[in-house]
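**Q**
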Amino acid sequence: MTQQAMKIGELALQTGSSVETIRYYEQQNLLPQALRSASNYRLYGDAHVKRLQFIRHCRSLDMTLDEIRTLLSFRDTPEENCAGVNTLLDKHIEHVSHRIKELKVLQTELKQLRSRCMTIQTVEECGILQGLANAEDSEPKNLGTHGGGCH
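For reference, each letter of the sequence shown is one residue, going 1 to 151 in full-length UniProt numbering.
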């Protein structure tokens, strides 16, 4: 389906990546360097497409470049056991769980802030803006406890 040798723009189109991202992944040693044509164009093949799709899927799962680099290392040694892959994913799941907790706290804070201005008032009387201004002197967790509002 893919051409044997394609230029970087074709690889970008086929994988939904940008040319800059492809170059960056090459610099980060996530993608192997492409061969060069006689006119010095980068030439990519099916292996580049598959590897870039793998990287993009990992990124869509919010994996870091270091995590992806580790997974690629495992992938490049298929005869090894997958204990390290399992460990990496378990740690990533923990990280995602922690982020979800943080986002729930953020959502609560934003809802509290939003509740400070339930009707249309002048900007001067807006409880949201007052809460944000008061928050400059405190932690964001305390946004809902400051005075003022558009009730």
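Glycine residues also receive a C-beta, built at the ideal position from the N, C-alpha and C atoms. For clarity, every value in this text was computed on a predicted model and none was experimentally measured.
Using a 10 Å radius around the Cβ and a threshold of 16 neighbouring Cβ atoms, would you call Cys82 buried or exposed?
**A** The residue is exposed, with fewer than 16 neighbouring Cβ atoms inside 10 Å.
**Q** What residue range does the alpha helix (DSSP H) around Ala47 cover?
**A** Its alpha helix (DSSP H) spans residues 46-60.
**Q** If you follow the alpha helix (DSSP H) that Lys104 is part of, which residue opens it and which one closes it?
**A** 83-114 is the extent of the alpha helix (DSSP H) around Lys104.
**Q** Drop a sphere of 10 angstroms on the beta-carbon of Arg99, count the other beta-carbons inside from all chains shown, and report buried for 16 or more, exposed for fewer.
**A** Looking at its Cβ environment, which holds fewer than 16 other Cβ atoms inside 10 Å, Arg99 is exposed.
**Q** For Leu43, name the three-state secondary structure that DSSP assigns.
**A** DSSP places Leu43 in strand when its eight states are reduced to three.
**Q** DSSP on Leu35, reduced to helix/strand/coil?
**A** Of the three classes helix, strand and coil, the one that applies to Leu35 here is strand, per DSSP.
**Q** Would you tell me roughly how many angstroms separate the C-alpha atoms of Leu30 and Gln107, rounded to the nearest one?
**A** Their Cα atoms are separated by approximately 35 Å.
**Q** Ala38 to Gln28, Cα distance in whole Å?
**A** Each residue's alpha carbon lies about 25 Å from the other.
**Q** So the candidates are Ile120, Glu79, Thr64; which of them puts its Cα closest to the Cα of Lys91?
**A** That would be Thr64, whose Cα lies nearest to the Cα of Lys91.
**Q** Distance, Cα to Cα, Cys58 vs Ser17?
**A** If I take the Cα positions, the gap works out to 13 Å.
**Q** Under DSSP, the alpha helix (DSSP H) around Thr15 begins and ends at which residues?
**A** That run of the alpha helix (DSSP H) goes 8-15.
**Q** Please report the distance separating the alpha-carbon of Ile128 from that of Thr15.
**A** Their backbone Cα atoms lie some 43 Å apart in a straight line.
**Q** Give the straight-line distance between the Cα atoms of Cys126 and Glu109, rounded to the nearest whole angstrom.
**A** Cα to Cα, the separation comes out at about 17 Å.
**Q** I need the straight-line Cα distance from Ile68 to Asn134, nearest angstrom please.
**A** Each residue's Cα considered, the two are about 41 Å apart.
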